[in-house]
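Protein chains in written order, with the working numbering: chain A, 1 to 140; chain B, 141 to 300.
Cβ atoms here follow ideal geometry from the backbone N, Cα and C, with glycine treated the same way.
Presented below is the structure to which this report refers.
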Amino acid sequence: MLYFLVFSFLLLLSGVLLFEEKLGFSREGVLSYYLGDEERFTQPKSVAGILKIVLPHVFTFGLFVMVILHFLVFTKVKKTKKFQTIVYLSFATAFSELFSPLFIVNGFEFFAYVKIASFFTFEFLILYVSWLLFKSIVYD
Amino acid sequence: MRFTLIKDIKQDVGMKSVLSGLLIFTILYIIVDYFVKQSGFGVSPESVALTLFGNPDEFLDPMSPSSFLEFAHIEIFFIMMILLTLSAVYIRMSNKRIHSILIVNIATLGALVSLVALGGAYYFHEGFVGVYVVGSFVWRSLAFYMSVYSLWRLHFATSL
Chain A
1 MLYFLVFSFL LLLSGVLLFE EKLGFSREGV LSYYLGDEER FTQPKSVAGI
51 LKIVLPHVFT FGLFVMVILH FLVFTKVKKT KKFQTIVYLS FATAFSELFS
101 PLFIVNGFEF FAYVKIASFF TFEFLILYVS WLLFKSIVYD
Chain B
141 MRFTLIKDIK QDVGMKSVLS GLLIFTILYI IVDYFVKQSG FGVSPESVAL
191 TLFGNPDEFL DPMSPSSFLE FAHIEIFFIM MILLTLSAVY IRMSNKRIHS
241 ILIVNIATLG ALVSLVALGG AYYFHEGFVG VYVVGSFVWR SLAFYMSVYS
291 LWRLHFATSL
């Protein structure tokens, strides 16, 4: 279990570095990645291109979130309302993180903020769940 | 992971065939992954270093940061999931508890060391390439052993 938490942390860390490298954490960075940038000679992303990235991530996000959240069932958190909130919020933020680019390429630039906010909320939630699990291993 | 709760897996025909399938596919993954790495990323310290840092004499470009991060991100996910499922099966199948816990710990630590060393090699020092190669070899060999041993126990052990 502890090993799984370390792997999860590495996965989150590489995800953050990848996001920073490809998109950046600003509205402009996200928009230039998806809508193209003449100065950087980058092409706008197509819906098909976005779906190619979304496809493997939909399955792996679902699997990863299910695996890490199901460990919470063996902790005291299971009986609290917080558990349900974490479950719903994790899947909801994963969904909006994956599908917000489709809105961006269709002219809804506001979704650049949604992309960044959902990415960070998702990362924070997984870190928080990891902390709850770690605490449960050490103290319970 | 319901199989951990079944008292005698050998008597449960459905679960036995499901686990056999999982183990055979895990063995296939380890073998295919080796050949894919051998033809692309590299499996020896020299070939891995060549992929990561390139070679100006041979006009080979170094790996870009985004390609490297994509590779590492995918590797972390796959290794995590394979070791998680395989460890659960192996511990359930093994009849030597301390031995199995030791194998699982060495395999997982080997995988973690290889992943951290991969990042260390790309961002800090080329010397970590050797650690990555050794760590990879350790976890892959032990994962292969765990799969074959579990499959053997599943079919030939008198009771599980």
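- Look at threonine 42/A here: in three-state DSSP terms it is strand.
- Contact annotation: lysine 156/B and leucine 294/B have beta-carbon atoms nearer than 8 Å.
- Less than 8 Å divides the Cβ of tryptophan 279/B from the Cβ of glycine 250/B.
- Under the 8 Å criterion on CB atoms, lysine 52/A is classed as non-interfacial with respect to chain B.
- Excluding its 5 nearest sequence neighbours in each direction, leucine 89/A has C-beta neighbours in its own chain below 8 Å: Thr121 and Leu125, listed in chain order.
- Glutamate 97/A is positioned such that its CB atom lies no closer than 8 Å to that of leucine 12/A.
- By the C-beta density criterion, glycine 275/B is buried, having at least 16 other C-beta atoms within 10 angstroms.
- In this structure, valine 273/B places its C-beta atom within 8 Å of the C-beta atom of serine 184/B.
- According to the DSSP assignment, asparagine 245/B belongs to the alpha helix (DSSP H) that extends over 237-263.
- The region 252-272 of chain B makes no contact with the region 232-241 of chain B; the number of CB pairs closer than 8 Å stays below 3.
- With three or more CB-CB distances shorter than 8 Å, the region 62-70 of chain A counts as touching the region 125-137 of chain A.
- Straight through space, the alpha carbons of isoleucine 171/B and serine 287/B are spaced by roughly 12 Å.
- In this structure the region 78-86 of chain A does not touch the region 27-43 of chain A; the number of beta carbon pairs closer than 8 Å is below three.
- Runs of the alpha helix (DSSP H) lying entirely within the region 58-140 of chain A and spanning at least 4 residues, in chain order: 81-105 and 111-139.
- Counted as a single uninterrupted DSSP element, the alpha helix (DSSP H) harbouring isoleucine 222/B occupies residues 205-233.
- At the C-beta level, phenylalanine 119/A and phenylalanine 7/A stay beyond 8 Å of one another.
- Aspartate 37/A is bridged by DSSP to Thr42/A.
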